[in-house]
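There are 2 protein chains.
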Amino acid sequence: MTRDEARALDAADPIAAVRDRFALPEGVIYLDGNSLGALPAATVAAAGDLVARQWGERLIRSWNEGWIDAPQRIGAKIAPLIGAAADEVIACDSTSANIFKLLVAALRVDPKRRTVLSEAGNFPTDLHIAEGAVACVPGARLEVVPRDKLLEALGPDTAVLLLTHVHYKTAERFDMPAVSRAAREAGALMMWDLSHSAGAVAIDLDDAGADLAVGCGYKYLNGGPGAPAFLYVARALQDRLASPLSGWMGHAEPFAFADAYAPAPGMKRWLTGTPPMLAMAALEAGLDVWSTVDRPAVWRKSAALWSILAEAGGQAGLDCVTPADPAGRGSHISFRHPEAHAIVQALIDRGVIGDFRDPDMVRLGLTPLYLSHEDVWRAGEALKAVIADRSYRQPQFAVRQAVT
Amino acid sequence: MTRDEARALDAADPIAAVRDRFALPEGVIYLDGNSLGALPAATVAAAGDLVARQWGERLIRSWNEGWIDAPQRIGAKIAPLIGAAADEVIACDSTSANIFKLLVAALRVDPKRRTVLSEAGNFPTDLHIAEGAVACVPGARLEVVPRDKLLEALGPDTAVLLLTHVHYKTAERFDMPAVSRAAREAGALMMWDLSHSAGAVAIDLDDAGADLAVGCGYKYLNGGPGAPAFLYVARALQDRLASPLSGWMGHAEPFAFADAYAPAPGMKRWLTGTPPMLAMAALEAGLDVWSTVDRPAVWRKSAALWSILAEAGGQAGLDCVTPADPAGRGSHISFRHPEAHAIVQALIDRGVIGDFRDPDMVRLGLTPLYLSHEDVWRAGEALKAVIADRSYRQPQFAVRQAVT
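What follows is the structure in structure tokens.
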């Protein structure tokens, strides 16, 4: 790949103009949108309007002027990105809290099934929360097995199979229809964590027959740091599951102020406390970018961007751990290297922001909405240069930071 | 009270100038700051900086530039308002989620104590969440008794006494030291919901020997709609309790990405998911207003404002359900009336925003930071006029809204 070839791809890119809808800093190539998505330009005004007009001027009246329905309205905007119906998704709480709610609820469906099955090396909060969830249901337990042993571990005791669709380190992607089918055939519920795949790859939860899902608002959905997460329950299950976090916003009649809890119909029962409206407004602005974008063009561009970095990494002699088959991966690429942390620091020094994942992973996110082919080509050149001249061995790059 | 007397009180008010630090709409007297606090003027810039610079320009780097410590830093700013040490408070999640976390943890301290005791008519989410929490601990149950039977209901099975310090409808305030002592003497943990009292009245959790507390960021702390809540654990208990919502942000080493959960030391273990930074920034700006305010002057002014409305309500022949003793109440006043909803609508029509609480309560919040004595005097005049001329009986005020 040459710079001219990258530019030719940009010239032919049907979604190239979407980049103009983001406020990107000068002098930076941002390959960390899989950790924190970039700022949509319209979010500045949306957040400003939320603060100054909706809160400052309208005050409490805004709850009747669009706030109270925001979790469902925003859920409906997430739905087309994950192959769900508008009334199967709601935006609320954190991914962690949502995993807890759904796991405890899933464990209560069939008292004969007591096991949450998940993958060793899954994103930590999934496993940590699963520990917490099984401790809340008598007899429940968490079984964590290697990726290649998951399907054979499904059995008559499996209540729910909890998997992250795209792996946060390697970008490996599960075959959602096939795995969901295997869970169903074993009599278990299938729950997907879409944090690294929503907005990154094509997803069709309804078609796959998935039962439950959660995902993150602040990665490929560009909802802002710590944005509200989302939660999906297949329509057929919605009346059978209820939230253990039975807060007033999920009550059938929250403003009747009754002592006894009664879950709302539909997805509203998954709400806990009062929706965080500043965060909700930013998430909604992030989703509004997606509303006019040709989604298949995004998935195709992701694959093209990936190939550019894979070629550069290969030329640099790096060990790529992400699958070469586009259908088998998400929208980031990871290279294993014993000096991964220093390499990431040296790249940042050259204006290429990626991130490091303990202990030895250089992880580079590819976000088609706001990265051009030329951006990624330049990042690839930087990667080759850092490896070739060993600039990552400079002492200042050896200092570890708490978060990258 | 005459207008001139109210103006004289304003002239002598040591905190009168704090009002200028809020962006208040023209033509409105806002008596609903106990439901949603008003907008501090500095919050507009703080939220704008969070969005445009911290997120937009610094992107992922901001996690190392002040974000990751925000829950503890903001907790430390709440601490002086509730009589806690800086390392006993953390800002996170919703009040509802925080009640859940602390109740489940408290029920695990002593397996011989299985009862959560609370008050009939407590704020609904406290009771709803308590229902959800006891369902997560084998043998646990929720006992709800009338206010005057609470202390006698304490017994050898009581694990935790969960009370709201200031009642959301009546503004009745519990004697925190006396009730906390009674719980302790019964061997139970004492947990306070400070949602209607933090920033409204003097609170000294440490002095009272309280064990646990939660509270709301969007009422008297002026943190914005759906602001993060807070959570307090007395230092002596911090190593003995752990969160059932065992998310990665509460892990001892979140960026080591270990499969097994290990709670962080201190208050950090109460974090669940990634902190919602837009909401956190607004809460922090709201708390910064408090940092330079003479708090005892706030509590004194609250009592003075209350007396103005109590006098007006008395002149209008209204039935005040809020205690006359300042030490026995919070910072709102409630009147019972069979046409309460229409009265609130008629007041809004005159530019006085209060709220209605089912079935028969007119609730008016008194927020000394941004209400003058004259504001409240004018609100009292409006209340008297609405009752005297029966304007609340106009047909348009009979329409119920979902939220007020």
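Residue numbers (the working numbering), protein chains in the order written: chain A, 761 to 1164; chain B, 761 to 1164. C-beta atoms are modelled at their ideal positions from N, C-alpha and C, and glycine is treated no differently. On a predicted model such as this, the values are computed, not experimentally measured, just so you know.
- The Cβ of residue 870 of chain B sits no closer than 7 Å to any Cβ of chain A.
- Around the Cβ of residue 1159 of chain B, a 10 Å sphere holds fewer than 16 other Cβ atoms; the residue is exposed.
- Here the alpha carbons of residue 1039 of chain A and residue 986 of chain A stand approximately 8 Å from one another.
- Within chain B, no residue has its CB atom less than 8 Å from the CB of residue 956 of chain A, the nearest being about 14 Å off.
- Taking C-beta atoms under 8 Å as the contact rule, residue 854 of chain A and residue 959 of chain B fail to qualify, at a distance of about 25 Å.
- Two segments are said to touch when three or more pairs of C-beta atoms, one from each, lie closer than 8 Å; by this definition the stretch 1071-1082 of chain A does not touch the stretch 1013-1030 of chain A.
- Out of A:837, A:866, A:850, A:819, the CA that lies nearest to the CA of residue 1029 of chain A is found in A:850.
- In the three-state DSSP reduction, residue 901 of chain B falls in the strand class (E or B).
- Rounded to whole angstroms, residue 1120 of chain A and residue 939 of chain A show a C-alpha spacing of 29 Å.
- Within 8 Å of the CB of residue 978 of chain A, the CB atoms of chain B belong to 1034, in sequence order along the chain.
- CA-CA distance, residue 1136 of chain B to residue 1070 of chain B, rounds to 10 Å.
- Residue 791 of chain A and residue 1125 of chain A have their C-alpha atoms spaced approximately 5 Å apart.
- Counting only residues of its own chain and dropping the five nearest sequence neighbours on each side, residue 970 of chain A has a CB closer than 6 Å to the CB of 940, 950, 952.
- The beta carbon of residue 1074 of chain A is closer than 8 Å to those of 1080 in its chain, skipping five residues each way along the sequence.
- Note: residue 1103 of chain B is not bridge-paired with any residue in the DSSP secondary-structure output.
- Only those residues of the stretch 789-804 of chain B whose C-beta falls short of 8 Å from the nearest C-beta of chain A are listed: 790, 792, 795, 796, 798, 799, 803, 804.
- The beta carbons of residue 927 of chain A and residue 957 of chain A sit no closer together than 7 Å.
- Around the Cβ of residue 1115 of chain B, a 10 Å sphere holds 16 or more other Cβ atoms; the residue is buried.
- In the DSSP secondary-structure assignment, residue 852 of chain B is bridged to B:989.
- At least 7 Å separates the beta-carbon of residue 1003 of chain A from that of residue 1021 of chain A.
- In the three-state reduction of the DSSP assignment, residue 786 of chain A falls in the coil class, being assigned neither a helical nor a strand state.
- As computed with DSSP, residue 1001 of chain B is found in no beta bridge at all.
- Counted as a single uninterrupted DSSP element, the beta strand (DSSP E) harbouring residue 1121 of chain A occupies residues 1121-1125.
- Under the three-state reduction of DSSP output, residue 827 of chain A falls in the coil class, being neither helix nor strand.
- Shown here, residue 975 of chain A sits in a strand according to DSSP, grouped into three states.
- Residues of chain B with a Cβ closer than 8 Å to the Cβ of residue 1117 of chain A are, in chain order, 1017.
- DSSP assignment within the stretch 918-983 of chain A yields the following whole alpha helix (DSSP H) runs of 4 residues or more, N-terminal first: 936-945, 965-968.
- In chain order, 1005 make up the part of chain B whose C-beta sits under 7 Å from the C-beta of residue 860 of chain A.
- Between residue 1151 of chain B and chain A, the shortest Cβ-Cβ separation is not below 7 Å.
- Sequence-distant Cβ neighbours of residue 844 of chain B in its own chain, meaning closer than 7 Å and more than five residues away, are 965, 966, 992.
- 7 Å or more divides the Cβ of residue 866 of chain B from the Cβ of residue 811 of chain B.
- Residues 1072 of the same chain have their beta carbon placed closer than 8 Å to that of residue 1141 of chain B, with the five preceding and five following residues left out of the count.
- By the Cβ neighbour-count rule, residue 1117 of chain A is buried, with 16 or more other Cβ atoms within 10 Å of its own.
- Of B:1131, B:1105, B:1130, the smallest CA-CA separation from residue 1146 of chain B is found for B:1105.
- By the beta-carbon neighbour count (other beta carbons within 10 angstroms, threshold 16), residue 930 of chain A is buried.
- Residue 838 of chain B and residue 770 of chain B have their C-alpha atoms roughly 27 Å apart.
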